[in-house]
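Visitor: Heads up: the sequence shown begins at 1 in UniProt numbering, then just goes up one per residue.
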Amino acid sequence: MDKHHLNFIFIKIFLILILSNSIFCPLPPSRPLVRTVIQIKINLPELPFNSEMNLKTSKNFKEAARDINEAFEQFWQNEPSFRESNVSRLQHDQVLGTLATIYLNFDLPLDSSTAVLHRLKWELFRALKDGRIGRLHASGDGFEFNPVEGPFSSPTLACLDGSLPDFSIHGSTYCWSHSVCPSRTSCEHGQCCRNAESFPRRNCDPIKEWECADGLCIPISARCDGKEDCVLDVEEGAFALGMLLHRPSDELYCPTG
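(1) Can L108 and T36 be called in contact, C-beta distance under 9 Å?
(2) Could you pull out every residue in the same chain whose Cβ sits closer than 6 Å to the Cβ of E52, ignoring the five residues on either side in sequence?
(3) From Q74 to E84, what does the alpha carbon distance come to, in whole angstroms?
(4) Pick from R184, K208 and P165: whose alpha carbon is nearest that of G190?
(5) Distance check for F167 and residue 285, CA to CA, integer angstroms please.
(6) Tell me the rounded alpha-carbon separation between F106 and F72.
(7) Taking D141 as the reference, give the member of V148, T98 and R119 with the closest Cα.
(8) Considering just the uninterrupted stretch of the alpha helix (DSSP H) at T185, what are its terminal residues?
(9) Of all the options V34, I38, C217 and I68, which has the alpha carbon lying nearest to the alpha carbon of R132?
(10) Would you call the CB atoms of P80 and L110 closer than 9 Å?
(11) Using the beta-carbon count (16 or more within 10 Å), is E209 buried or exposed?
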């Protein structure tokens, strides 16, 4: 038997072994994915607003929405879980200018932790602080971030008086402390609600202090220092320490989430 024939036999045996191995030792199953939809609001300071933008069917709205969606496709191009963005609304604010409400769609592994959500939010907020999403000029003024569909979403509950709660500084209606709620609101049963007693209950200095869930005031310097200065709030089940700052313009991401 010549050398070439032996080589052919060895190659054939090798291919058979590879094929049999792929049949009897299949690859592990892929992790199931779940659609996660995040509603955000961003400021577009260089986008002039006109009345036609109130209509989603108008040419001006469609052109602006196309540019915004292209910017997010560019921004999330290296994020494997990102699927698409959809502009829901364009509105004009007398102070902030043009605001865009956008739905971001991700397919995340079913067993993902909230750390994934914090990472996505922090990457987006950091870009807004730099003033750009892709090729689009954008600002963090008026920024909101609220998971509305998927494992991280939570139903919006009405306040005791029947009104809808305000958004906390973290972009959702959920709260764990009065300090994360807007002025003249307080954290009632995990929601930022307006009431007559709300404003006086914010006793901590928002510039120098952090308010724990039980109302205790601690220095800002103690935030994210790895020590549990706040007592665990049993009812709301969260530490105030290690979260984000009071003011959206000064937010920082802590390793603890």
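From the three backbone atoms N, C-alpha and C, an ideal C-beta is built for every residue, glycine too. No experiment lies behind these values; they were computed from the predicted model shown.
Guide: In this structure, then:
(1) Along the sequence shown, one-based indexing puts residue 108 at 108. Along the sequence shown, one-based indexing puts residue 36 at 36. Result yes, Cβ atoms of L108 and T36 sit closer than 9 Å.
(2) Here residue 52 refers to the residue found at position 52 of the sequence shown. Result list for E52: S58 and N60, in chain order.
(3) In the sequence shown, counting from the first residue as 1, residue 74 sits at position 74. In the sequence shown, counting from the first residue as 1, residue 84 sits at position 84. Looking at the two C-alpha atoms, the distance is approximately 11 Å.
(4) As a first step, residue 190 is located in the sequence shown; it is residue number 190 there, counting from the start. For the options R184, K208 and P165, the alpha carbon positioned closest to that of G190 is the one of P165.
(5) Here the chain comprises residues numbered 1 to 257, so residue 285 is not present and cannot be evaluated.
(6) In the sequence shown, residue 106 corresponds to position 106, counting from 1. In the sequence shown, residue 72 corresponds to position 72, counting from 1. Cα to Cα, the separation comes out at about 12 Å.
(7) Counted from its first residue, the sequence shown places residue 141 at position 141. Of V148, T98 and R119, the residue nearest in Cα terms is T98.
(8) Taking the first residue of the sequence shown as 1, we reach residue 185 at position 185. Here T185 belongs to no alpha helix (DSSP H), and DSSP marks it neither H nor E.
(9) Numbered from 1 along the sequence shown, position 132 holds the residue referred to as residue 132. The option with the nearest alpha carbon to R132 is I68.
(10) The residue labelled residue 80 in the question sits at position 80 within the sequence shown. The residue labelled residue 110 in the question sits at position 110 within the sequence shown. Not in contact: P80 and L110 (Cβ atoms no closer than 9 Å).
(11) Counting from one through the sequence shown, the residue named residue 209 turns up at place 209. Flag for E209 reads buried.
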